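Quick notes on the structure that follows.
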Amino acid sequence: MPRNDDIARVSLAAITFADIQLPSLYLSLSLLALVILSLSFSLSLSLSLSPTTILQADQRHEMDHLKLEQMALAPLAAQQMQQEDNYARVAEFIAALPGACRLAVVTSGGTTVPLEANTVRFVDNFSGGQRGAASTEAFLAAGYHVLFVHRKTSMRPFLHRIDLDRDSDADGQLCSRAAKQLATRRQALKDQRLMELPFVTIFDYLSLLERIEALLEPLGPRVLLYLAAAVSDFFLPRECLPEHKIQSREQNGLHLDLQPVPKMLGVFRARCPKAFMVTFKLETDHALLEAKARGSLRAYGQDVVVANQLETRHQLVRLFFPTDQPPIVIRAHDADRDLEVVLIQTLERMHIEHTHRLTASSTPSK
(Lines of atoms letter the chains of each structure in order from A and count residues from 1; the text may use other names and numbers.)
(Lines give C-alpha, C1' and ligand atoms only; values in the text may rest on other atoms or scores of the structure.)
Protein backbone atom coordinates (compact mmCIF):
# COMPACT_ATOMS: atom_id res chain seq x y z
CA MET A 1 0.00 0.00 0.00
CA PRO A 2 1.47 3.39 -0.93
CA ARG A 3 2.40 5.79 1.82
CA ASN A 4 0.20 8.82 2.39
CA ASP A 5 2.96 11.19 1.26
CA ASP A 6 3.15 9.30 -2.04
CA ILE A 7 -0.41 10.21 -2.86
CA ALA A 8 -1.33 13.77 -3.84
CA ARG A 9 -4.91 14.28 -2.83
CA VAL A 10 -6.10 16.14 -5.85
CA SER A 11 -9.83 15.91 -6.40
CA LEU A 12 -10.83 14.74 -9.85
CA ALA A 13 -13.59 17.31 -9.72
CA ALA A 14 -10.93 20.00 -10.02
CA ILE A 15 -9.87 18.68 -13.41
CA THR A 16 -12.13 19.87 -16.19
CA PHE A 17 -12.86 17.95 -19.34
CA ALA A 18 -11.17 20.83 -21.22
CA ASP A 19 -7.93 20.00 -19.40
CA ILE A 20 -7.82 16.25 -19.94
CA GLN A 21 -7.35 14.73 -23.38
CA LEU A 22 -10.21 12.31 -24.01
CA PRO A 23 -8.95 9.44 -26.19
CA SER A 24 -12.47 8.48 -27.23
CA LEU A 25 -13.04 11.83 -28.90
CA TYR A 26 -9.85 11.59 -30.91
CA LEU A 27 -10.66 7.97 -31.79
CA SER A 28 -14.07 9.00 -33.10
CA LEU A 29 -12.50 11.65 -35.31
CA SER A 30 -9.92 9.15 -36.55
CA LEU A 31 -12.62 6.61 -37.45
CA LEU A 32 -14.54 9.28 -39.32
CA ALA A 33 -11.36 10.15 -41.21
CA LEU A 34 -10.86 6.50 -42.18
CA VAL A 35 -14.37 6.36 -43.62
CA ILE A 36 -13.68 9.48 -45.65
CA LEU A 37 -10.39 8.15 -46.95
CA SER A 38 -12.22 5.11 -48.33
CA LEU A 39 -13.92 7.38 -50.88
CA SER A 40 -12.45 7.47 -54.38
CA PHE A 41 -10.28 10.51 -54.97
CA SER A 42 -9.19 12.09 -58.19
CA LEU A 43 -6.09 14.10 -57.35
CA SER A 44 -4.52 16.67 -59.62
CA LEU A 45 -0.83 16.53 -58.79
CA SER A 46 1.78 18.74 -60.32
CA LEU A 47 4.77 18.52 -57.98
CA SER A 48 8.46 18.59 -58.84
CA LEU A 49 11.51 18.12 -56.70
CA SER A 50 13.96 19.46 -59.29
CA PRO A 51 16.35 22.20 -58.05
CA THR A 52 15.20 25.77 -58.65
CA THR A 53 17.06 29.02 -58.97
CA ILE A 54 16.82 31.66 -56.24
CA LEU A 55 14.68 33.81 -58.53
CA GLN A 56 12.27 30.97 -59.19
CA ALA A 57 12.05 30.23 -55.46
CA ASP A 58 11.26 33.87 -54.70
CA GLN A 59 8.55 33.90 -57.36
CA ARG A 60 7.05 30.69 -56.00
CA HIS A 61 7.05 32.07 -52.44
CA GLU A 62 5.28 35.21 -53.65
CA MET A 63 2.64 33.10 -55.40
CA ASP A 64 2.20 31.03 -52.23
CA HIS A 65 1.71 34.24 -50.26
CA LEU A 66 -1.01 35.40 -52.66
CA LYS A 67 -2.74 32.02 -52.43
CA LEU A 68 -2.59 32.14 -48.63
CA GLU A 69 -4.24 35.55 -48.63
CA GLN A 70 -6.98 34.24 -50.90
CA MET A 71 -7.56 31.24 -48.61
CA ALA A 72 -8.09 33.56 -45.65
CA LEU A 73 -10.64 35.75 -47.42
CA ALA A 74 -14.29 35.95 -46.36
CA PRO A 75 -14.35 33.57 -43.38
CA LEU A 76 -17.64 32.92 -41.67
CA ALA A 77 -18.61 35.58 -39.13
CA ALA A 78 -18.07 33.25 -36.16
CA GLN A 79 -14.68 32.19 -37.50
CA GLN A 80 -13.69 35.80 -38.06
CA MET A 81 -14.52 36.67 -34.44
CA GLN A 82 -12.52 33.68 -33.19
CA GLN A 83 -9.54 34.61 -35.37
CA GLU A 84 -9.53 38.17 -34.06
CA ASP A 85 -9.75 36.93 -30.47
CA ASN A 86 -6.85 34.52 -31.04
CA TYR A 87 -4.76 37.23 -32.66
CA ALA A 88 -5.36 39.58 -29.73
CA ARG A 89 -4.35 36.86 -27.26
CA VAL A 90 -1.13 36.12 -29.15
CA ALA A 91 -0.28 39.82 -29.40
CA GLU A 92 -0.76 40.20 -25.64
CA PHE A 93 1.34 37.09 -24.93
CA ILE A 94 4.23 38.27 -27.13
CA ALA A 95 4.08 41.84 -25.79
CA ALA A 96 4.49 40.50 -22.24
CA LEU A 97 7.63 38.47 -23.05
CA PRO A 98 10.71 39.43 -21.02
CA GLY A 99 13.27 41.31 -23.08
CA ALA A 100 15.91 38.59 -23.42
CA CYS A 101 13.74 35.47 -23.40
CA ARG A 102 13.64 32.90 -26.18
CA LEU A 103 10.32 31.99 -27.79
CA ALA A 104 9.59 28.59 -29.32
CA VAL A 105 6.60 28.49 -31.66
CA VAL A 106 5.52 24.84 -31.77
CA THR A 107 2.89 23.65 -34.23
CA SER A 108 1.40 20.24 -33.52
CA GLY A 109 -1.24 17.80 -34.73
CA GLY A 110 -2.95 17.39 -38.08
CA THR A 111 -5.13 19.73 -40.11
CA THR A 112 -8.50 18.71 -41.50
CA VAL A 113 -9.72 19.43 -45.03
CA PRO A 114 -13.45 20.24 -44.97
CA LEU A 115 -15.54 18.78 -47.78
CA GLU A 116 -18.53 21.06 -47.10
CA ALA A 117 -18.90 24.64 -45.88
CA ASN A 118 -21.23 23.37 -43.14
CA THR A 119 -18.80 20.59 -42.41
CA VAL A 120 -19.96 17.05 -41.77
CA ARG A 121 -17.29 15.23 -43.76
CA PHE A 122 -13.59 16.03 -43.90
CA VAL A 123 -10.26 14.49 -44.82
CA ASP A 124 -7.84 14.03 -41.93
CA ASN A 125 -4.48 12.41 -41.18
CA PHE A 126 -3.27 10.16 -38.39
CA SER A 127 -1.22 12.71 -36.43
CA GLY A 128 -2.09 12.80 -32.74
CA GLY A 129 0.40 15.51 -31.74
CA GLN A 130 2.60 13.45 -29.42
CA ARG A 131 5.85 14.93 -30.75
CA GLY A 132 4.65 18.51 -30.45
CA ALA A 133 3.33 18.02 -26.91
CA ALA A 134 6.49 16.27 -25.66
CA SER A 135 8.72 18.82 -27.41
CA THR A 136 6.85 21.69 -25.75
CA GLU A 137 7.57 20.17 -22.34
CA ALA A 138 11.26 19.95 -23.26
CA PHE A 139 11.33 23.56 -24.50
CA LEU A 140 9.79 24.75 -21.22
CA ALA A 141 12.35 22.73 -19.25
CA ALA A 142 15.10 24.41 -21.30
CA GLY A 143 13.85 27.87 -20.31
CA TYR A 144 11.90 28.82 -23.43
CA HIS A 145 8.54 30.53 -23.52
CA VAL A 146 6.30 28.50 -25.82
CA LEU A 147 3.44 29.38 -28.15
CA PHE A 148 1.80 26.00 -28.71
CA VAL A 149 -0.34 26.04 -31.87
CA HIS A 150 -2.17 22.72 -31.77
CA ARG A 151 -4.96 20.74 -33.33
CA LYS A 152 -8.01 20.84 -31.13
CA THR A 153 -8.42 17.37 -29.50
CA SER A 154 -4.75 16.49 -30.14
CA MET A 155 -2.28 15.75 -27.35
CA ARG A 156 -1.33 18.68 -25.15
CA PRO A 157 1.71 19.30 -22.94
CA PHE A 158 1.70 17.33 -19.67
CA LEU A 159 -1.98 16.35 -20.03
CA HIS A 160 -1.17 13.61 -22.53
CA ARG A 161 0.77 11.83 -19.78
CA ILE A 162 -2.25 11.59 -17.46
CA ASP A 163 -4.48 8.53 -17.66
CA LEU A 164 -7.41 8.72 -15.23
CA ASP A 165 -7.86 4.94 -15.14
CA ARG A 166 -4.19 4.28 -14.46
CA ASP A 167 -3.24 7.33 -12.40
CA SER A 168 -6.08 7.54 -9.87
CA ASP A 169 -6.61 5.42 -6.79
CA ALA A 170 -9.78 3.78 -5.53
CA ASP A 171 -10.91 7.03 -3.89
CA GLY A 172 -10.68 8.97 -7.15
CA GLN A 173 -7.50 10.82 -6.20
CA LEU A 174 -4.61 11.43 -8.60
CA CYS A 175 -1.28 9.80 -7.77
CA SER A 176 1.70 12.06 -7.15
CA ARG A 177 3.19 11.54 -10.63
CA ALA A 178 0.03 12.68 -12.42
CA ALA A 179 -0.56 15.50 -9.96
CA LYS A 180 2.97 16.77 -10.60
CA GLN A 181 2.33 16.85 -14.37
CA LEU A 182 -0.84 18.84 -13.84
CA ALA A 183 0.83 21.24 -11.42
CA THR A 184 3.74 21.86 -13.82
CA ARG A 185 1.34 22.66 -16.62
CA ARG A 186 -0.75 25.04 -14.54
CA GLN A 187 2.36 26.84 -13.29
CA ALA A 188 3.60 27.38 -16.86
CA LEU A 189 0.23 28.84 -17.82
CA LYS A 190 0.10 31.01 -14.71
CA ASP A 191 3.62 32.35 -15.33
CA GLN A 192 2.66 33.11 -18.95
CA ARG A 193 5.45 30.89 -20.23
CA LEU A 194 2.99 28.73 -22.15
CA MET A 195 0.14 29.77 -24.39
CA GLU A 196 -2.03 27.32 -26.32
CA LEU A 197 -3.79 28.21 -29.55
CA PRO A 198 -6.09 25.61 -31.14
CA PHE A 199 -6.94 25.04 -34.79
CA VAL A 200 -8.96 22.42 -36.65
CA THR A 201 -9.01 23.01 -40.40
CA ILE A 202 -6.28 23.82 -42.88
CA PHE A 203 -7.91 27.26 -43.19
CA ASP A 204 -7.64 27.82 -39.42
CA TYR A 205 -3.99 26.79 -39.37
CA LEU A 206 -2.79 28.91 -42.28
CA SER A 207 -4.79 31.94 -41.16
CA LEU A 208 -3.29 31.73 -37.67
CA LEU A 209 0.27 31.53 -38.94
CA GLU A 210 -0.36 34.29 -41.47
CA ARG A 211 -1.35 36.62 -38.63
CA ILE A 212 1.26 35.46 -36.13
CA GLU A 213 4.28 35.92 -38.39
CA ALA A 214 3.97 39.73 -38.30
CA LEU A 215 4.21 39.63 -34.49
CA LEU A 216 7.29 37.40 -34.54
CA GLU A 217 9.47 39.35 -36.96
CA PRO A 218 10.58 42.03 -34.42
CA LEU A 219 11.88 39.28 -32.09
CA GLY A 220 14.55 38.34 -34.64
CA PRO A 221 16.82 35.39 -33.77
CA ARG A 222 15.19 34.90 -30.36
CA VAL A 223 12.42 32.95 -32.14
CA LEU A 224 12.69 29.23 -32.79
CA LEU A 225 10.06 27.97 -35.22
CA TYR A 226 9.36 24.27 -34.60
CA LEU A 227 6.83 23.37 -37.27
CA ALA A 228 5.82 19.83 -36.33
CA ALA A 229 2.16 19.99 -37.41
CA ALA A 230 1.08 17.48 -40.06
CA VAL A 231 -0.23 20.00 -42.57
CA SER A 232 -2.52 18.73 -45.33
CA ASP A 233 -0.90 18.63 -48.77
CA PHE A 234 -4.20 18.96 -50.66
CA PHE A 235 -7.46 20.78 -50.01
CA LEU A 236 -10.73 21.98 -51.51
CA PRO A 237 -10.66 25.77 -51.95
CA ARG A 238 -13.47 27.64 -50.20
CA GLU A 239 -15.16 28.52 -53.47
CA CYS A 240 -15.37 24.81 -54.34
CA LEU A 241 -17.03 23.73 -51.08
CA PRO A 242 -20.72 22.83 -51.32
CA GLU A 243 -22.73 24.74 -48.74
CA HIS A 244 -24.54 21.74 -47.28
CA LYS A 245 -23.78 18.11 -46.54
CA ILE A 246 -22.84 16.01 -49.56
CA GLN A 247 -25.65 13.58 -50.21
CA SER A 248 -24.74 9.91 -49.97
CA ARG A 249 -26.90 8.82 -52.92
CA GLU A 250 -24.95 10.70 -55.58
CA GLN A 251 -24.55 8.73 -58.79
CA ASN A 252 -21.19 7.14 -59.64
CA GLY A 253 -19.77 7.69 -56.16
CA LEU A 254 -17.92 10.76 -54.94
CA HIS A 255 -15.08 12.29 -56.95
CA LEU A 256 -12.94 15.04 -55.43
CA ASP A 257 -10.50 17.28 -57.26
CA LEU A 258 -8.14 18.39 -54.49
CA GLN A 259 -5.71 21.23 -55.11
CA PRO A 260 -2.17 21.58 -53.65
CA VAL A 261 -2.08 23.60 -50.44
CA PRO A 262 0.13 26.70 -50.82
CA LYS A 263 3.37 26.25 -48.91
CA MET A 264 3.79 28.36 -45.78
CA LEU A 265 7.50 27.70 -45.29
CA GLY A 266 8.82 30.11 -47.90
CA VAL A 267 6.47 32.85 -46.71
CA PHE A 268 7.51 32.30 -43.09
CA ARG A 269 11.19 32.40 -43.98
CA ALA A 270 10.72 35.64 -45.93
CA ARG A 271 8.74 37.30 -43.12
CA CYS A 272 10.96 36.06 -40.26
CA PRO A 273 14.40 35.83 -41.87
CA LYS A 274 16.34 35.79 -38.58
CA ALA A 275 14.27 33.14 -36.82
CA PHE A 276 15.76 29.67 -36.34
CA MET A 277 13.48 27.46 -38.42
CA VAL A 278 13.02 23.73 -37.84
CA THR A 279 10.64 21.69 -40.00
CA PHE A 280 9.78 18.02 -40.29
CA LYS A 281 9.74 15.57 -43.16
CA LEU A 282 7.88 12.27 -42.78
CA GLU A 283 8.08 9.49 -45.36
CA THR A 284 7.07 5.86 -45.51
CA ASP A 285 9.85 4.99 -47.99
CA HIS A 286 13.29 5.26 -46.41
CA ALA A 287 14.92 5.58 -49.83
CA LEU A 288 13.17 8.92 -50.38
CA LEU A 289 13.85 10.47 -46.99
CA GLU A 290 17.23 12.14 -47.50
CA ALA A 291 16.41 13.46 -50.98
CA LYS A 292 13.12 14.93 -49.75
CA ALA A 293 14.77 16.54 -46.71
CA ARG A 294 17.59 18.11 -48.73
CA GLY A 295 15.14 19.20 -51.43
CA SER A 296 13.07 21.01 -48.82
CA LEU A 297 16.19 22.75 -47.48
CA ARG A 298 17.08 24.00 -50.96
CA ALA A 299 13.56 25.21 -51.64
CA TYR A 300 12.74 26.95 -48.36
CA GLY A 301 15.99 27.71 -46.53
CA GLN A 302 15.24 26.17 -43.13
CA ASP A 303 18.03 25.81 -40.59
CA VAL A 304 17.19 22.18 -39.82
CA VAL A 305 14.93 19.52 -41.32
CA VAL A 306 14.06 16.69 -38.93
CA ALA A 307 13.51 13.63 -41.12
CA ASN A 308 11.69 10.59 -39.82
CA GLN A 309 10.21 7.40 -41.22
CA LEU A 310 6.65 6.46 -40.30
CA GLU A 311 7.46 3.08 -38.75
CA THR A 312 10.43 4.30 -36.68
CA ARG A 313 9.46 7.91 -35.92
CA HIS A 314 9.37 7.35 -32.15
CA GLN A 315 12.75 5.60 -32.08
CA LEU A 316 14.93 7.57 -34.50
CA VAL A 317 15.15 10.89 -36.34
CA ARG A 318 17.82 12.41 -38.60
CA LEU A 319 18.71 16.11 -38.65
CA PHE A 320 19.65 17.55 -42.06
CA PHE A 321 21.24 20.96 -42.62
CA PRO A 322 21.70 23.42 -45.52
CA THR A 323 25.37 22.42 -45.80
CA ASP A 324 26.57 19.05 -47.07
CA GLN A 325 27.52 17.86 -43.59
CA PRO A 326 26.31 14.38 -42.66
CA PRO A 327 22.99 14.21 -40.80
CA ILE A 328 22.91 13.96 -37.03
CA VAL A 329 21.12 10.81 -35.89
CA ILE A 330 19.13 10.94 -32.64
CA ARG A 331 17.81 7.71 -31.14
CA ALA A 332 15.29 7.15 -28.39
CA HIS A 333 17.72 5.14 -26.26
CA ASP A 334 19.97 8.22 -26.06
CA ALA A 335 17.54 9.63 -23.46
CA ASP A 336 16.11 8.29 -20.23
CA ARG A 337 12.76 9.74 -21.28
CA ASP A 338 11.44 10.78 -24.68
CA LEU A 339 13.44 11.09 -27.86
CA GLU A 340 12.25 14.71 -27.88
CA VAL A 341 14.38 15.52 -24.81
CA VAL A 342 17.63 14.89 -26.70
CA LEU A 343 16.21 16.46 -29.86
CA ILE A 344 15.37 19.74 -28.10
CA GLN A 345 18.71 19.81 -26.27
CA THR A 346 20.47 19.48 -29.64
CA LEU A 347 18.34 22.16 -31.27
CA GLU A 348 18.81 24.50 -28.31
CA ARG A 349 22.59 24.42 -28.76
CA MET A 350 22.17 25.19 -32.46
CA HIS A 351 19.74 28.01 -31.69
CA ILE A 352 22.21 29.58 -29.24
CA GLU A 353 24.96 29.46 -31.88
CA HIS A 354 22.54 30.91 -34.46
CA THR A 355 21.61 33.79 -32.14
CA HIS A 356 25.23 34.60 -31.28
CA ARG A 357 26.23 34.54 -34.94
CA LEU A 358 23.46 36.91 -36.04
CA THR A 359 23.96 39.19 -33.04
CA ALA A 360 27.69 39.44 -33.72
CA SER A 361 27.17 40.16 -37.41
CA SER A 362 24.73 42.98 -36.62
CA THR A 363 26.99 44.64 -34.01
CA PRO A 364 29.08 47.43 -35.57
CA SER A 365 32.82 47.04 -35.12
CA LYS A 366 34.67 49.68 -33.11
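Oh and the sequence shown: position 169 is 409 in the working numbering, straight run, nothing missing. Beta carbons are placed, not taken as given, at the ideal position from N, Cα and C, and that holds for glycine. None of these values were measured; they are calculated from a predicted model.
*Helix, strand or coil: which one does DSSP assign to HIS594?*
helix
*Using alpha carbons as the reference points, say which of PHE439, SER601 and VAL501 lies closest to ARG478.*
VAL501
_Quick check on the DSSP output: what are the complete alpha helix (DSSP H) runs of length 4 or more inside the region 485-523, in order along the chain?_
505-511
_Delimiting residues of the beta strand (DSSP E) encompassing TYR466_ = 463-467
*So who's on the other strand from GLY350, going by DSSP bridges?*
ALA470
_Cutting at 8 Å between CB atoms, please list the residues of its own chain near LYS532, excluding the five before and the five after it._
LEU289, LYS521, GLU523 and ALA547
*asked:* Tell me the DSSP secondary structure of ARG361 in three-state form.
replied: coil
_Presumed contact (8 Å Cβ cut-off) between HIS385 and LEU449, rounded CB distance_ = With 8 Å as the limit, HIS385 and LEU449 do not qualify as a contact, their Cβ atoms being about 18 Å apart.
*Apart from the five residues just before and just after VAL569, which ones in its own chain have a Cβ nearer than 6 Å to its Cβ?*
ARG558
*Could you tell me which of LEU556, GLU593 and PRO566 sits nearest to VAL582, measuring between CA atoms?*
LEU556
_Backbone CA spacing between ARG396 and CYS415 [nearest angstrom]_ = 20 Å
*Do you know offhand how far TYR327's Cα is from MET504's?*
18 Å
_Spatially closest choice to LEU455 from VAL353, ARG511, VAL389 and ALA418, by CA coordinates_ = ARG511
*Own chain, CB closer than 8 Å to GLU356, minus 5 neighbours either side, in chain order*: LEU481, PRO482, GLU483, HIS484, LYS485 and ILE486
*State the start and end residues of the unbroken beta strand (DSSP E) segment that holds ILE452.*
Taken as a continuous stretch (DSSP letters only), ILE452 belongs to no beta strand (DSSP E), being part of the alpha helix (DSSP H) at 442-456.
*Counting pairs of Cβ atoms below 8 Å between the region 467-478 and the region 437-449, do you hit three or more?*
yes
*Give the straight-line distance between the Cα atoms of LEU313 and HIS573, rounded to the nearest whole angstrom.*
Since pLDDT at LEU313 reaches only 42, below the 50 mark, its modelled position is unreliable, and no value is offered.
*Could you check how far apart the C-beta atoms of ALA469 and SER375 are, in whole angstroms? I think they sit under 8 Å.*
Contact doesn't hold; Cβ gap of about 12 Å is too wide.
*Cα separation between LEU529 and LEU434?*
33 Å
*Return the bridge partner residues of HIS390 from the DSSP annotation.*
SER348 and PRO438
*In this structure, does DSSP put ALA340 in helix, strand or coil?*
coil
*Taking all protein chains shown into account, decide if LEU429 is buried (16 or more other Cβ within 10 angstroms of its Cβ) or exposed.*
exposed
*Use the C-beta contact count for THR552: other C-beta atoms within 10 angstroms, 16 or more gives buried, fewer gives exposed.*
exposed
*In chain order, what residues of the same chain lie with their CB nearer than 7 Å to the CB of ALA373, ignoring the 5 residues before and after it?*
SER348, MET395, ARG396, PRO397 and HIS400
*Note the first and the last residue of the continuous alpha helix (DSSP H) segment covering ARG396.*
Neither: ARG396 is in no alpha helix (DSSP H) and is coded neither H nor E.
_Cβ-Cβ distance between THR519 and LEU467 below 7 Å_ = yes
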